[in-house]
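Here the protein sequences line up with chains R and S, keeping their order.
Read in order, the letters of the first sequence are residues 242 to 354 in my numbering.
Read in order, the letters of the second sequence are residues 52 to 163 in my numbering.
Every residue, glycine too, gets a C-beta built ideally from N, C-alpha and C.
What you are looking at is a predicted structure, and each value in this text was computed from that prediction instead of being measured.
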Amino acid sequence: NAGVTQTPKFQVLKTGQSMTLQCAQDMNHNSMYWYRQDPGMGLRLIYYSASEGTTDKGEVPNGYNVSRLNKREFSLRLESAAPSQTSVYFCASRKTLSTDTQYFGPGTRLTVL
Amino acid sequence: GENVEQHPSTLSVQEGDSAVIKCTYSDSASNYFPWYKQELGKGPQLIIDIRSNVGEKKDQRIAVTLNKTAKHFSLHITETQPEDSAVYFCAASQGTGNQFYFGTGTSLTVIP
Chain R
242 NAGVTQTPKF
252 QVLKTGQSMT
262 LQCAQDMNHN
272 SMYWYRQDPG
282 MGLRLIYYSA
292 SEGTTDKGEV
302 PNGYNVSRLN
312 KREFSLRLES
322 AAPSQTSVYF
332 CASRKTLSTD
342 TQYFGPGTRL
352 TVL
Chain S
52 GENVEQHPST
62 LSVQEGDSAV
72 IKCTYSDSAS
82 NYFPWYKQEL
92 GKGPQLIIDI
102 RSNVGEKKDQ
112 RIAVTLNKTA
122 KHFSLHITET
132 QPEDSAVYFC
142 AASQGTGNQF
152 YFGTGTSLTV
162 IP
């Protein structure tokens, strides 16, 4: 039982490049989340998926797209990376909307030059 | 939306002493308050949580208190150990809602 896994762990992009961050969970959770973590700003929600087939915007969705590929996988795409997207990205999951505990992945450290 | 403030941003204590981290929130509808511990290079991990119908919750050396009237909640760690050194985040949500609002984190250092 690996919990929440994320790939890659590190990535360096040039401005304008695109990439997809991958997230998978093996806990049979319904809800999945993408956060970004910046120094002094805590964790901010980018997008979430309440269940397979649905996605919704969070607090800071601009510049990102997501895909809930199946119940296990939730990907985050940067179509045209900008230096302001340099951050650490965390994926999280929880069983249902009414269940409170979120489980986080180990994070992806992204640098955009 | 909700605004969560967390203090202090850094905290150093001697091993064996207690550590207290405080958070305030703005939305009176928030009713679930988790605390997360984040070690270097890892994702946040839930260490304790409290719901609005409870004033205090304890788990071994860790306790959380909630004052709904004043809209603040606190994390208390007693008998601190070097392995308690990490960044701690508080958060607030409306339980069944989707958004968790996080504080900006407290970097705790326990000096042996």
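On the criterion of 16 or more Cβ atoms from any shown chain inside 10 Å, does residue i qualify as buried, or is it exposed?
{"i": "residue 95 (chain S)", "result": "buried"}
{"i": "residue 69 (chain S)", "result": "exposed"}
{"i": "residue 270 (chain R)", "result": "buried"}
{"i": "residue 262 (chain R)", "result": "buried"}
{"i": "residue 155 (chain S)", "result": "buried"}
{"i": "residue 91 (chain S)", "result": "exposed"}
{"i": "residue 120 (chain S)", "result": "exposed"}
{"i": "residue 290 (chain R)", "result": "buried"}
{"i": "residue 105 (chain S)", "result": "exposed"}
{"i": "residue 162 (chain S)", "result": "exposed"}
{"i": "residue 325 (chain R)", "result": "exposed"}
{"i": "residue 112 (chain S)", "result": "exposed"}
Does the CB of residue i have a neighbour CB from chain R at under 7 angstroms?
{"i": "residue 153 (chain S)", "result": "yes"}
{"i": "residue 145 (chain S)", "result": "no"}
{"i": "residue 65 (chain S)", "result": "no"}
{"i": "residue 132 (chain S)", "result": "no"}
Against residue i, what residues of chain A qualify as contacts under a CB-to-CB distance less than 9 angstroms, listed in chain order?
{"i": "residue 85 (chain S)", "result": "Looking at the structure shown, chain A is missing, and the protein chains on hand are R and S."}
Which two residues bound the contiguous beta strand (DSSP E) that contains residue i?
{"i": "residue 143 (chain S)", "result": "137 to 143"}
{"i": "residue 291 (chain R)", "result": "Segment: none, residue 291 (chain R) is in no beta strand (DSSP E) and carries neither H nor E."}
{"i": "residue 85 (chain S)", "result": "83 to 89"}
{"i": "residue 104 (chain S)", "result": "Element bounds for residue 104 (chain S): n/a, residue is neither H nor E."}
{"i": "residue 265 (chain R)", "result": "260 to 266"}
{"i": "residue 73 (chain S)", "result": "70 to 76"}
{"i": "residue 330 (chain R)", "result": "328 to 335"}
{"i": "residue 63 (chain S)", "result": "61 to 65"}
{"i": "residue 126 (chain S)", "result": "123 to 128"}
{"i": "residue 274 (chain R)", "result": "272 to 278"}
{"i": "residue 251 (chain R)", "result": "251 to 254"}
{"i": "residue 158 (chain S)", "result": "157 to 162"}
{"i": "residue 350 (chain R)", "result": "349 to 353"}
Just checking: is the beta-carbon of residue i within a distance shorter than 7 angstroms of some beta-carbon in chain S?
{"i": "residue 324 (chain R)", "result": "no"}
{"i": "residue 283 (chain R)", "result": "yes"}
{"i": "residue 302 (chain R)", "result": "no"}
{"i": "residue 286 (chain R)", "result": "yes"}
{"i": "residue 331 (chain R)", "result": "yes"}
{"i": "residue 436 (chain R)", "result": "Absent from the model: residue 436 (chain R). The displayed extent of chain R is 242 to 354, so no value can be given."}
Figure out for me which residue from the options has the closest Cα to the Cα of residue i.
{"i": "residue 67 (chain S)", "options": "S:134, S:140, S:53, S:152", "result": "S:134"}
{"i": "residue 354 (chain R)", "options": "R:248, R:256, R:243", "result": "R:256"}
{"i": "residue 97 (chain S)", "options": "R:310, R:349, R:333, R:351", "result": "R:333"}
{"i": "residue 52 (chain S)", "options": "S:157, S:159, S:160, S:151", "result": "S:151"}
{"i": "residue 78 (chain S)", "options": "S:157, S:162, S:144", "result": "S:144"}
{"i": "residue 264 (chain R)", "options": "R:275, R:254, R:258", "result": "R:275"}
{"i": "residue 57 (chain S)", "options": "S:73, S:63, S:99", "result": "S:73"}
{"i": "residue 87 (chain S)", "options": "R:310, R:284, R:305", "result": "R:284"}
{"i": "residue 318 (chain R)", "options": "R:350, R:300, R:306", "result": "R:306"}
{"i": "residue 287 (chain R)", "options": "R:293, R:267, R:281, R:315", "result": "R:315"}
{"i": "residue 75 (chain S)", "options": "S:114, S:140, S:160", "result": "S:140"}
{"i": "residue 312 (chain R)", "options": "R:331, R:328, R:292, R:323", "result": "R:292"}
{"i": "residue 130 (chain S)", "options": "S:158, S:142, S:114, S:84", "result": "S:114"}
Quiz item: Looking at chain R, which residues of the region 118 to 129 of chain S have a Cβ within less than 9 angstroms of any of its Cβ atoms?
Solution: Residues passing the 9 angstroms Cβ filter: none.
Quiz item: Mind listing which residues of the region 92 to 117 of chain S have their C-beta closer than 9 angstroms to chain R's C-betas, in chain order?
Solution: Of all residues in the region 92 to 117 of chain S, those with a C-beta nearer than 9 angstroms to a C-beta of chain R are 92, 93, 94, 95, 96, 97, 100, 102, reading in chain order.
Quiz prompt | Contact set between the region 304 to 323 of chain R and chain S, restricted to residues whose Cβ is under 8 angstroms from the partner | solution = Of all residues in the region 304 to 323 of chain R, none comes within less than 8 angstroms of chain S when Cβ atoms are compared.
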